[in-house]
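Protein chains in written order, with our numbering: chain A, 1 to 90; chain B, 1 to 220. Heads up, the beta-carbon is just placed ideally off N, CA and C, and yes, glycines get one too. See structure below.
Next up, the structure:
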């Protein structure tokens, strides 16, 4: 994120436990770890370049999936068709 | 002398089975016609958009998607008494749709069954994932991608991987809800999602390279 860009030089370039960190970051992004995750997250992003990059890549992917994936318009007759079929079996 | 020696079924078990009979009776008659209509219109139908999009991303065919959604709603109506009003209707409907897809659509499908390496891998190696950086793809290039590129990358994934991404990122289900929809443990949800996103990143990296984005690490 912007606020961290200028301090990127201070982050360590190697993550000592990528496996554990990345799993944690992904859980936080998916909303599986809520309050307990936030503090850890702040610290990781401030101190570790691989964690920082991984987090932002994962976040970007989630964002584009959520906002850009083309949506199919539901065929207009589908809802009526379903209601009709339900009427028939009532 | 214990009661069990006189009766083949201990009395507490008798009471238990009576209770079960009563409960299933209640279950069967749970909702009046008006209540059923209200649940159907108020809690089920509002999800038709998400349901259709899910069905379309599973089948890639408009007619199949329509059939699948229609089947799902008919089943939902028939089994409406096993739905607890006020609980997560969307997750309940998605579970029915996914089961219908597996049990009926996949069987009906004319495509020959093929062994999918990715799927095999998921089942044999399900919770044991090593989280690591697998790509040089950069967040900036991802942000610049077009909707069609994202969609195509998603659609190219094997169905089990595609499904977890749809449920999590497009529909916003939690790990717990996904575990229920897919009938798999939460640990498997987590690892399958991780794998799915790594595969997606590989596809996106291919696009990024085609577009000439710099995917290499920048100098410090």
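By Cβ distance, which residues of its chain are closer than 7 Å to residue i, with the 5 residues on each side in sequence left out?
{"i": "residue 223 (chain B)", "result": "Given that chain B is displayed from residue 1 to residue 220, the structure contains no residue 223 (chain B) and the question cannot be resolved."}
{"i": "residue 175 (chain B)", "result": "186, 189, 190"}
{"i": "residue 131 (chain B)", "result": "194"}
{"i": "residue 43 (chain B)", "result": "89"}
{"i": "residue 55 (chain B)", "result": "65, 68, 69, 97"}
{"i": "residue 59 (chain A)", "result": "29"}
{"i": "residue 22 (chain A)", "result": "54"}
What's the C-alpha gap between residue i and residue j?
{"i": "residue 235 (chain B)", "j": "residue 73 (chain A)", "result": "With chain B represented from 1 up to 220, any question about residue 235 (chain B) goes unanswered, as that position is not in the structure."}
{"i": "residue 31 (chain A)", "j": "residue 180 (chain B)", "result": "17 Å"}
{"i": "residue 67 (chain A)", "j": "residue 17 (chain B)", "result": "51 Å"}
{"i": "residue 35 (chain B)", "j": "residue 61 (chain A)", "result": "42 Å"}
{"i": "residue 150 (chain B)", "j": "residue 140 (chain B)", "result": "14 Å"}
{"i": "residue 212 (chain B)", "j": "residue 64 (chain B)", "result": "38 Å"}
{"i": "residue 76 (chain A)", "j": "residue 136 (chain B)", "result": "43 Å"}
{"i": "residue 45 (chain B)", "j": "residue 26 (chain A)", "result": "32 Å"}
{"i": "residue 33 (chain A)", "j": "residue 89 (chain A)", "result": "45 Å"}
{"i": "residue 61 (chain B)", "j": "residue 79 (chain A)", "result": "18 Å"}
{"i": "residue 87 (chain B)", "j": "residue 65 (chain A)", "result": "27 Å"}
{"i": "residue 41 (chain B)", "j": "residue 59 (chain B)", "result": "26 Å"}
{"i": "residue 19 (chain B)", "j": "residue 178 (chain B)", "result": "32 Å"}
{"i": "residue 71 (chain A)", "j": "residue 18 (chain A)", "result": "35 Å"}
{"i": "residue 38 (chain B)", "j": "residue 173 (chain B)", "result": "24 Å"}
{"i": "residue 82 (chain B)", "j": "residue 41 (chain A)", "result": "41 Å"}
{"i": "residue 152 (chain B)", "j": "residue 105 (chain B)", "result": "22 Å"}
{"i": "residue 48 (chain B)", "j": "residue 15 (chain B)", "result": "43 Å"}
{"i": "residue 39 (chain A)", "j": "residue 63 (chain A)", "result": "22 Å"}
{"i": "residue 13 (chain A)", "j": "residue 85 (chain B)", "result": "52 Å"}
{"i": "residue 13 (chain B)", "j": "residue 53 (chain B)", "result": "47 Å"}
{"i": "residue 20 (chain A)", "j": "residue 84 (chain A)", "result": "53 Å"}
Pick out whichever of the options has its Cα sitting closest to the Cα of residue i.
{"i": "residue 183 (chain B)", "options": "B:199, B:204, B:91, B:45", "result": "B:91"}
{"i": "residue 51 (chain B)", "options": "B:78, B:207, B:170, B:86", "result": "B:170"}
{"i": "residue 69 (chain A)", "options": "B:77, B:62, B:57", "result": "B:57"}
{"i": "residue 168 (chain B)", "options": "B:60, B:104, B:94, B:81", "result": "B:94"}
{"i": "residue 86 (chain A)", "options": "B:81, B:80, B:82, B:74", "result": "B:74"}
{"i": "residue 43 (chain A)", "options": "A:15, A:79, A:63, A:59", "result": "A:15"}
{"i": "residue 204 (chain B)", "options": "B:172, B:154, B:159", "result": "B:154"}
{"i": "residue 72 (chain B)", "options": "A:71, A:63, A:82", "result": "A:82"}
{"i": "residue 30 (chain B)", "options": "B:49, B:79, B:54, B:55", "result": "B:79"}
{"i": "residue 77 (chain B)", "options": "B:105, B:53, B:49, B:33", "result": "B:33"}
{"i": "residue 159 (chain B)", "options": "B:199, B:144, B:20", "result": "B:199"}
{"i": "residue 142 (chain B)", "options": "B:202, B:13, B:47, B:37", "result": "B:202"}
For a contact meaning CB atoms closer than 9 Å, what does residue i contact in chain E?
{"i": "residue 66 (chain A)", "result": "Protein chains in the displayed structure are A and B, and chain E is not among them."}
Leaving out five residues on either side along the sequence, give the residues of the same chain with a beta carbon under 8 Å from the beta carbon of residue i.
{"i": "residue 11 (chain A)", "result": "46, 47, 48, 49, 52"}
{"i": "residue 37 (chain A)", "result": "24, 27, 28"}
{"i": "residue 112 (chain B)", "result": "The predicted model places residue 112 (chain B) with a pLDDT of 48, which falls under 50 and marks its position as unreliable, so this point remains unresolved."}
{"i": "residue 146 (chain B)", "result": "none"}
CB of residue i to nearest heavy atom of the ligand NAD: below 7 Å?
{"i": "residue 76 (chain A)", "result": "Only the bare structure without any ligand can be found here, which leaves the ligand NAD out of the picture."}
Skipping 5 residues on each side, what residues in its chain have a beta carbon closer than 6 Å to that of residue i?
{"i": "residue 207 (chain B)", "result": "149"}
Can you check the segment 15 to 73 of chain A for any beta strand (DSSP E) of at least 3 residues that lies completely inside it and give the ranges in chain order?
none
Touch check for the segment 96 to 104 of chain B and the segment 65 to 74 of chain B: three-plus C-beta pairs under 8 Å?
yes
Completely contained beta strand (DSSP E) runs for the segment 33 to 106 of chain B, where each covers 3 or more residues:
none
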